[in-house]
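Counting from 1 along the sequence shown, just add 1404 to a position and that's the residue number in this note's numbering.
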Amino acid sequence: MFFDIVITFRFAYDNGVRICAQIFGIVNANDNGVTMNAAQCRMARAALQIGVRELAEAAKVSPSTVARLEAGEELKPRTVDAIRAALEATGVEFIPENGGGAGVRLKIRA
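The following block contains the structure:
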């Protein structure tokens, strides 16, 4: 699961000398709780038999962005969401980590 973590430091001073610090953290999961890792992206593309360029076009991102995701680079959550949504729209279902490992499968077509 991807999280946005914001850490804020608040300092108290006495005559210019820092005497204490407080740390506040805010953690936000992405809205729908569904995430995608690099391996899942590669598996989804392989299942759909599409290339990096085709996925990039469907997600409206550059091919290098897809390549960076698949290499394990951290991208903005909205970029990962756009790539995941494009894969889901073409028939992929993401399987969350449930003790057996995260994965993908093709949706049953009616």
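By construction, the Cβ of each residue, glycine as well, lies at the ideal position given by its N, Cα and C atoms.
{"Check": "Over what stretch of residues does the alpha helix (DSSP H) that includes R1488 continue unbroken?", "Outcome": "P1481 to A1493"}
{"Check": "Among A1463, R1457 and N1441, which has the Cα closest to the Cα of E1491?", "Outcome": "Checking the displayed sequence, the identity of residue 1491 turns out to be Leu instead of Glu. Closest by alpha carbon: A1463."}
{"Check": "Near T1494, which residues of its chain fall below 8 Å by C-beta distance, leaving aside the five closest residues on each side in sequence?", "Outcome": "L1452, I1454 and A1462"}
{"Check": "Go ahead and pull the three-state DSSP assignment for E1501.", "Outcome": "coil"}
{"Check": "With V1456 as the anchor, note down where its beta strand (DSSP E) starts and where it stops.", "Outcome": "Segment V1456 to A1463 is the alpha helix (DSSP H) holding V1456; no beta strand (DSSP E) there."}
{"Check": "Identify which residue in A1506, I1512, R1513 and N1502 has its Cα closest to the Cα of A1442.", "Outcome": "A1506"}
{"Check": "Who are the Cβ neighbours of V1456 in its own chain at under 8 Å, not counting the five residues just before and after it?", "Outcome": "R1449, P1467, V1470, A1471 and E1474"}
{"Check": "V1465 to E1501, Cα distance in whole Å?", "Outcome": "26 Å"}
{"Check": "Kindly identify the DSSP beta-bridge partner or partners of G1507.", "Outcome": "I1499"}
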